[in-house]
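Enquirer:
Numbering (our numbering), first residue to last: 1118 to 1344.
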């Protein structure tokens, strides 16, 4: 799913296209957003261990193909990537697990870390895909807040942390000091939604965490020469 997101400036005002309609924001609200997005940055880390490489996808596909009785044989990249992470870090795979007794068709996360009592939502892509991930995580948290036992059928009894793992090629957000700066994203709605996400997770007493990694598929590593 892609979320249409467009921003432009006209006669000193910022206009955004959202769900087929134009909206404008005054200067004070824009300043508020920029202040709040800096607070979001405090919960964001870049972790190169989650970088998406061609070799990672290949390894995930090998595991997927070798166990057709365990894994769905689908072809989109995110699924073998999650399979790789499941095996690499001993996570519990929740991707494509949506046959719950209630709230059928809701996928509550992609991965679960038993060590950290942590649900992880994973999304590969740029701003539209990342916004979709935020919306999924918000929807999941709302249900979990009311139905705390809904994931017990997957032997998940405790959730302390809710995370989002963004795998992206958005080069502007990666800073030279290794930090991530979401203020560099032009989408106002991305900023509004991720601020809402942080506020919601904290209000529900979850520890919020955002992990960012690079999509390096097709990138050729530089050759080093020794003398």
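Heads up, the beta-carbon is just placed ideally off N, CA and C, and yes, glycines get one too. Quick caveat: nothing in here was measured; it's all calculated off a predicted structure.
What number of angstroms, rounded off, separates the C-alpha of residue 1269 from the C-alpha of residue 1314?
Expert: The alpha-carbon atoms of residue 1269 and residue 1314 are separated by roughly 24 Å.
Enquirer: To the nearest whole angstrom, what separates the beta carbons of residue 1278 and residue 1233, a pair I think is in contact under 8 Å?
Expert: Right, the Cβ-Cβ distance comes to about 6 Å (below 8 Å), so this counts as a contact.
Enquirer: Spell out a yes or no on whether the stretch 1247-1259 and the stretch 1198-1214 are touching, meaning 3 or more CB-CB pairs, one atom from each, closer than 8 Å.
Expert: No: fewer than three Cβ pairs fall under 8 Å.
Enquirer: If you draw a straight line from the C-alpha of residue 1159 to the C-alpha of residue 1298, how long is it?
Expert: If you take the alpha carbons of residue 1159 and residue 1298, they lie about 9 Å apart.
Enquirer: I'd like to confirm the pairing. Which residues does DSSP put opposite residue 1282 in its beta bridges?
Expert: Beta-bridge pairing links residue 1282 to 1239 and 1328.
Enquirer: Does the stretch 1304-1321 come close enough to the stretch 1152-1172 to have 3 or more Cβ pairs within less than 8 Å?
Expert: Yes, the stretch 1304-1321 is in contact with the stretch 1152-1172.
Enquirer: Let's see if you can read the secondary structure: which residues bound the alpha helix (DSSP H) around residue 1219?
Expert: Element bounds for residue 1219: n/a, residue is neither H nor E.
Enquirer: Okay, do the stretch 1288-1304 and the stretch 1256-1275 touch, 3+ Cβ pairs below 8 Å being the bar?
Expert: Too few Cβ pairs lie closer than 8 Å, so no.
Enquirer: Do residue 1209 and residue 1229 have their C-beta atoms within less than 8 Å of each other?
Expert: Contact: yes.
Enquirer: Using a Cβ-Cβ cutoff of less than 6 Å, which residues in the same chain neighbour residue 1181 once the five nearest sequence positions on both sides are dropped?
Expert: Result list for residue 1181: 1188, 1197 and 1200, in chain order.
Enquirer: Should residue 1231 go down as buried or exposed, given a rule of 16 or more other Cβ atoms within 10 Å for buried?
Expert: So residue 1231 ends up on the exposed side.
Enquirer: Span of the alpha helix (DSSP H) holding residue 1206?
Expert: Where residue 1206 is concerned, the enclosing alpha helix (DSSP H) stretches over 1195-1206.
Enquirer: Between 1172, 1307 and 1162, which has its C-alpha nearest residue 1282's C-alpha?
Expert: If we check each option's Cα against that of residue 1282, 1162 comes out closest.
Enquirer: Can you pull the DSSP bridge partners for residue 1291?
Expert: Partner(s): 1297.
Enquirer: Residue 1325 to residue 1179, Cα distance in whole Å?
Expert: Between residue 1325 and residue 1179, the C-alpha separation is close to 32 Å.
Enquirer: Can you give me the start and stop residues for the alpha helix (DSSP H) that residue 1162 sits inside?
Expert: It is not in any alpha helix (DSSP H) - residue 1162 instead sits in the beta strand (DSSP E) that spans 1161-1163.
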